[in-house]
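S.K.:
Numbering (the numbering used here), first residue to last: 60 to 472.
This is how it looks when you write it as structure tokens:
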């Protein structure tokens with residue numbers, strides 16, 4: 060029994076050792092499998108990372124290649140642009156040279172035309188029809204039987220435009236600027252556009268030219284809007300045409316800021332006095348002899364008429380029909396009792412004094428030379444003569460211009 064028990068115990072120990080050995084082998088195999096699996100995952104991760112890095116390197120290489128190509132194309136484009144700009148500069152210089160040459164030719168042609176016009180003395184403002192001229196002379200003589208009595212000894216007339224000075228640009232294409240033509244106050248008055256009721260007063264020409272817009276001006280409110288560009292400032296009073304159906308002259312005291320008189324203009328069926336400025340029906344003008352009104356009517360519709368106005372009462376002292384046509388007229392003014400009508404064209408060119416009428420019969424239209432204005436921008440909307448300065452205050456497409464007049468005696472014509 061002992062021997063059997065010993066053998067049984069020995070057998071059990073061997074079986075336990077065999078089971079332990081099997082378990083160890085199984086555990087070792089599991090560890091080996093786990094290590095193999097971890098190594099395989101790590102290799103797969105390394106392979107994935109390597110593939111991603113290779114893709115990034117390929118993209119970076121492609122980006123470098125595209126950047127190099129774009130840089131090369133940009134460099135070539137820059138070279139082409141530089142070459143084209145150099146060519147344009149050369150063409151610009153050549154064109155400028157050609158324009159200078161053309162400008163010199165145009166100036167020479169204009170001087171030659173001015174000389175020919177002066178020598179030929181063309182008078183397109185006088186009708187060619189002899190019968191019509193005789194009829195006009197007869198009518199003028201009948202209407203002017205009473206000789207006009209001159210108020211002054213003024214005998215000057217215009218011989219040429221001596222100089223031009225552009226002072227400023229303020230306002231629209233239509234307007235008027237002037238001084239008080241009957242006093243030496245030096246104040247400047249601005250009438251911008253037509254159909255307005257506010258004018259601006261500057262204390263001097265210097266203040267006007269140095270100011271920004273109307274910042275240095277005093278605004279004067281009128282009781283009614285004005286019509287056209289034919290106003291006049293004379294002896295501290297403003298004379299203007301009231302805007303409306305009725306042609307009414309208004310006298311406004313600038314010191315008291317009030318209307319002191321008004322009167323209906325005694326002319327029937329009035330027409331715009333200038334075809335190039337149809338807003339103006341009456342153009343009021345001041346000279347050495349007082350206040351005048353330039354107008355037109357259907358009765359004498361092809362020509363400009365002139366009237367002497369009493370500045371105190373607005374009464375019409377005398378009227379004249381002139382030989383000056385309305386067609387292509389842009390403005391007019393009076394100097395020493397002689398009205399000068401300025402003409403242009405519908406497509407603006409050089410303005411010219413092409414017709415005159417002297418109420419004292421000292422100067423005839425045949426005696427007066429054609430006077431051309433210097434080059435400007437368009438057509439005059441107004442021209443105002445200053446007897447004290449012998450200057451013309453002109454409004455041209457928003458520009459305020461001064462013309463210096465060269466004068467001579469009427470008896471020297």
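All residues carry an ideal CB built from backbone N, CA and C; glycine is no exception.
If you count every other CB in all the chains shown that lies within 10 Å of the CB of residue 459, and 16 or more means buried, which is it?
M.R.: It is buried - the Cβ of residue 459 has at least 16 other Cβ atoms within 10 Å.
S.K.: Helix or strand or just coil, what does DSSP make of residue 314?
M.R.: Note: residue 314 maps to coil in three-state DSSP.
S.K.: Run through DSSP, which three-state label would residue 347 get?
M.R.: Residue 347 falls in the coil class under three-state DSSP.
S.K.: So, residue 366 versus residue 384, is the Cβ gap smaller than 8 Å?
M.R.: No, the pair does not count as a contact, with Cβ atoms beyond the cut-off.
S.K.: Since I believe residue 218 is in contact with residue 466 (beta carbons under 8 Å), could you give me their beta-carbon distance rounded to a whole number of angstroms?
M.R.: At roughly 6 Å, the Cβ-Cβ gap stays under 8 Å, so residue 466 and residue 218 are in contact.
S.K.: Output the distance between the C-alpha atoms of residue 274 and residue 132, rounded to the nearest integer angstrom.
M.R.: For residue 274 and residue 132, the distance between alpha carbons rounds to 56 Å.
S.K.: Buried or exposed, going by whether 16 or more other CB atoms sit within 10 Å of the CB of residue 229?
M.R.: With 16 or more other Cβ atoms within 10 Å, it is buried.
S.K.: Report buried or exposed for residue 94, applying the criterion of at least 16 other Cβ atoms within 10 angstroms of its Cβ.
M.R.: So residue 94 counts as exposed.
S.K.: Please say whether residue 288 and residue 241 have beta carbons closer to each other than 8 Å?
M.R.: For residue 241 and residue 288, no; Cβs fall outside 8 Å.
S.K.: Looking at C-alpha atoms only, which residue of 72, 299, 368, 388 is the closest neighbour of residue 440?
M.R.: For the residues 72, 299, 368, 388, the minimum Cα distance to residue 440 belongs to 388.
S.K.: Can you tell me where the alpha helix (DSSP H) with residue 264 in it begins and where it stops?
M.R.: It spans 264-269 - the alpha helix (DSSP H) in which residue 264 sits, taken as one unbroken run.
S.K.: For residue 396, which of helix, strand or coil comes out of DSSP?
M.R.: Three-state DSSP puts residue 396 in coil, outside helix and strand.
S.K.: Can you check DSSP and say which residues form a bridge with residue 455?
M.R.: Bridge partners of residue 455: 439, 458.
S.K.: Strictly by DSSP, which residues pair up with residue 234?
M.R.: DSSP output for residue 234 lists 251 as bridge partner(s).
S.K.: At the level of alpha carbons, what is the spacing between residue 411 and residue 461?
M.R.: Straight-line Cα distance between these residues: approximately 16 Å.
S.K.: Excluding sequence positions up to five away, which residues of its chain have a Cβ less than 6 Å from the Cβ of residue 295?
M.R.: Correct list, in chain order: 313, 314.
S.K.: Tell me the rounded alpha-carbon separation between residue 341 and residue 153.
M.R.: Taking the straight line from one Cα to the other gives about 51 Å.
S.K.: Rounded to the nearest angstrom, what separates residue 301 and residue 292 at their Cα positions?
M.R.: Rounded to whole angstroms, residue 301 to residue 292 spans 15 Å at the Cα level.
S.K.: Going by beta carbon distance, what residues of the same chain come within less than 8 Å of residue 305, once the five residues before and after it are set aside?
M.R.: So the qualifying residues of the chain are 323.
S.K.: With residue 355 and residue 330 assumed to form a contact (beta carbons below 8 Å), what rounded beta-carbon distance in angstroms separates them?
M.R.: About 5 Å separates the two Cβ atoms, so the contact holds.
S.K.: Given the structure, does residue 448 come close to the ligand GDP, in the sense that its CB is under 7 Å from one of the ligand's heavy atoms?
M.R.: Inclusion of the ligand GDP in the displayed structure is not the case, the ligand content being empty and no account of it being possible.
S.K.: Helix, strand or coil for residue 376 per DSSP?
M.R.: It is a strand residue.
S.K.: Going by C-alpha to C-alpha distance, which of 433, 452, 409, 445 sits closest to residue 347?
M.R.: Comparing Cα-Cα distances from residue 347 to each of 433, 452, 409, 445, the minimum goes to 445.
S.K.: Select from 417, 457, 435, 117 the residue whose C-alpha is nearest the C-alpha of residue 207.
M.R.: Closest option to residue 207, Cα to Cα, is 417.
S.K.: Does the Cβ-Cβ distance between residue 256 and residue 284 come in under 8 Å?
M.R.: Going by C-beta atoms, residue 256 is nearer than 8 Å to residue 284.
S.K.: Using CA atoms only, rank isn't needed, just tell me which of 326, 328, 311 is closest to residue 320.
M.R.: Nearest option by C-alpha distance: 311.
S.K.: Cα-Cα, which of 350, 380, 259 is closest to residue 272?
M.R.: It is 259.
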